[in-house]
Amino acid sequence: MAHPKFNGIGENMWIGPENEFTASIAIRSWYEEKKRYHIENDSCSSDCSNYKQLVWNTSYKVGCAITKCARVENIRYAAVFICNYAPGGSLSRRPYTPGIVCSQCSRYDRCTDFLCSNADRDQAIYYRFWYPRWEVPRPIVCDPLCLFIFFLRTLCFSVCVITVLIIQSRFPNILLEKEMLFSPEVVEIEPEKVEEKEEGIKGGKMKKKEEDKGKEKEEVKEEEDREKEEEEEEEEEEGDGEEDEEGEGEDLPP
1 MAHPKFNGIG
11 ENMWIGPENE
21 FTASIAIRSW
31 YEEKKRYHIE
41 NDSCSSDCSN
51 YKQLVWNTSY
61 KVGCAITKCA
71 RVENIRYAAV
81 FICNYAPGGS
91 LSRRPYTPGI
101 VCSQCSRYDR
111 CTDFLCSNAD
121 RDQAIYYRFW
131 YPRWEVPRPI
141 VCDPLCLFIF
151 FLRTLCFSVC
161 VITVLIIQSR
171 FPNILLEKEM
181 LFSPEVVEIE
191 PEKVEEKEEG
201 IKGGKMKKKE
211 EDKGKEKEEV
221 KEEEDREKEE
231 EEEEEEEEGD
241 GEEDEEGEGE
251 DLPP
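Our numbering puts the first residue of the sequence shown at 1, with every later residue one more than the last.
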């Protein structure tokens, strides 16, 4: 696409030596093709497309440019002059209807230099954010859509930051709770709690030792009691044995 508004663009081109170029010479060369055009039957004896586009009745915008080339075919130091017309001519009909000058202008037009003109329609329009596809690299330009997206993203970012700050102020330990619930990492313990824990462990060990000593003493005492009971039983058995022997001796005859 060569234009942001007009889809059909007409084009005339002039190529010649750079030192012989003027815009008037180029346009006159296009107009000279009129000699080859027959408006009665809309035919050309040879190429007359430049003339037909030059006088096309619906074209009201024109833009021209020139570029220099070191060589174009057999022309050294050539100039290439191009004019674009909008709306462009289709070249499939007569370029205009013969008749009285400006007789087909609308009521909003004026007849200027034998042509229909309209100040509002013909004023120059600048398209700030449009560039043709072949223009590479393109200038960095932010159009209204780009600006809207930029401000929308900035707004979303600001809302996210404010939301995070509000949540952190309302729930200051939210990150710590998350680590306790979902992270296997060891949570730092305060030194006082560590000392209390160590003292508790030491106290538990001491208590266990004391309990073990108490159990050992009880076991020793039980063994001593058992030994005493066994000794007493043995003494009683020995005493009973002596009494039996004496009884037996008394029963024997003299």
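All C-beta atoms, glycine included, are put in the ideal place defined by N, C-alpha and C.
Beta-carbon contacts of residue i that lie in its chain and below 7 angstroms, excluding the five residues immediately before and after
{"i": "TYR60", "result": "ARG121 and ASP122"}
{"i": "GLU234", "result": "none"}
Among the options, nearest to residue i - alpha-carbon criterion
{"i": "TRP130", "options": "ASN118, PRO144 and SER117", "result": "PRO144"}
{"i": "CYS64", "options": "LEU91, SER117 and VAL80", "result": "VAL80"}
{"i": "ARG94", "options": "GLY214, SER46, TRP56 and GLU199", "result": "TRP56"}
{"i": "SER90", "options": "ASN41, VAL161, ILE39 and SER49", "result": "SER49"}
{"i": "THR97", "options": "ASP42, ILE140, VAL62 and TYR85", "result": "ASP42"}
{"i": "LYS68", "options": "TYR108, SER46, PRO17 and ARG107", "result": "PRO17"}
{"i": "SER92", "options": "ASP109, ILE125, GLU20 and ILE39", "result": "ILE39"}
{"i": "ILE66", "options": "MET206, ASN19 and PHE171", "result": "ASN19"}
{"i": "ASP109", "options": "LYS207, ILE162 and THR58", "result": "THR58"}
{"i": "ALA124", "options": "ALA86, ILE140 and PHE150", "result": "ALA86"}
{"i": "ARG107", "options": "ILE166, LYS217 and ALA119", "result": "ALA119"}
Collapsed DSSP secondary structure at residue i in the structure displayed
{"i": "LYS5", "result": "coil"}
{"i": "PHE81", "result": "strand"}
{"i": "ASN12", "result": "strand"}
{"i": "SER59", "result": "coil"}
{"i": "THR112", "result": "strand"}
{"i": "TYR31", "result": "helix"}
{"i": "ALA65", "result": "strand"}
{"i": "TYR96", "result": "coil"}
{"i": "ILE25", "result": "helix"}
{"i": "ILE140", "result": "coil"}
{"i": "CYS105", "result": "coil"}
{"i": "PRO253", "result": "Low confidence applies here, because PRO253 scores a pLDDT of 48, under 50, leaving its location unreliable; read the following figure in that light. Three-state result, PRO253: coil."}
{"i": "SER49", "result": "helix"}
{"i": "SER90", "result": "coil"}
{"i": "ILE149", "result": "helix"}
{"i": "ILE75", "result": "strand"}
{"i": "GLU237", "result": "helix"}
{"i": "ALA119", "result": "helix"}
Cβ neighbour criterion (16 or more within 10 Å) applied to residue i
{"i": "GLN53", "result": "buried"}
{"i": "GLU199", "result": "exposed"}
{"i": "GLY88", "result": "buried"}
{"i": "ALA23", "result": "exposed"}
{"i": "CYS160", "result": "exposed"}
{"i": "GLU11", "result": "exposed"}
{"i": "ALA26", "result": "buried"}
Residue i versus residue j: straight-line alpha-carbon distance, rounded
{"i": "TRP30", "j": "MET13", "result": "9 angstroms"}
{"i": "GLN261", "j": "PHE157", "result": "The requested residue 261 does not occur in the structure, where the chain is confined to residues 1 to 254."}
{"i": "GLU224", "j": "GLU231", "result": "10 angstroms"}
{"i": "THR154", "j": "CYS142", "result": "15 angstroms"}
{"i": "ASN84", "j": "VAL62", "result": "6 angstroms"}
{"i": "LEU115", "j": "LEU147", "result": "42 angstroms"}
{"i": "ILE75", "j": "ARG28", "result": "20 angstroms"}
{"i": "PRO132", "j": "ILE9", "result": "13 angstroms"}
{"i": "GLU257", "j": "ILE201", "result": "Nothing can be reported for residue 257: it is not among the residues displayed for the chain, which extend from 1 to 254."}
{"i": "GLU219", "j": "LYS209", "result": "15 angstroms"}
{"i": "VAL164", "j": "VAL136", "result": "43 angstroms"}
{"i": "ILE149", "j": "ILE162", "result": "20 angstroms"}
{"i": "GLU236", "j": "LYS207", "result": "43 angstroms"}
Cβ neighbours of residue i in the same chain (closer than 6 angstroms, five flanking residues each side left out)
{"i": "CYS44", "result": "ARG36 and TYR37"}
{"i": "GLU33", "result": "CYS48, ASN50 and TYR51"}
{"i": "VAL72", "result": "ILE15 and ALA78"}
{"i": "PHE21", "result": "ALA79"}
{"i": "GLU211", "result": "none"}
{"i": "ALA70", "result": "none"}
8 angstroms CB neighbourhood of residue i in its chain, flanking five on each side removed
{"i": "VAL111", "result": "According to the sequence provided, residue 111 is Cys. The question's Val does not apply to it. Once the five neighbours on either side are set aside, the close Cβ partners of CYS111 are VAL101, CYS102, CYS105 and SER117."}
{"i": "LEU152", "result": "none"}
{"i": "PHE6", "result": "LYS61, ALA86, PRO87 and GLY88"}
Closer than 7 angstroms: residue i CB and nearest the ligand NAP heavy atom
{"i": "GLN168", "result": "Inclusion of the ligand NAP in the displayed structure is not the case, the ligand content being empty and no account of it being possible."}
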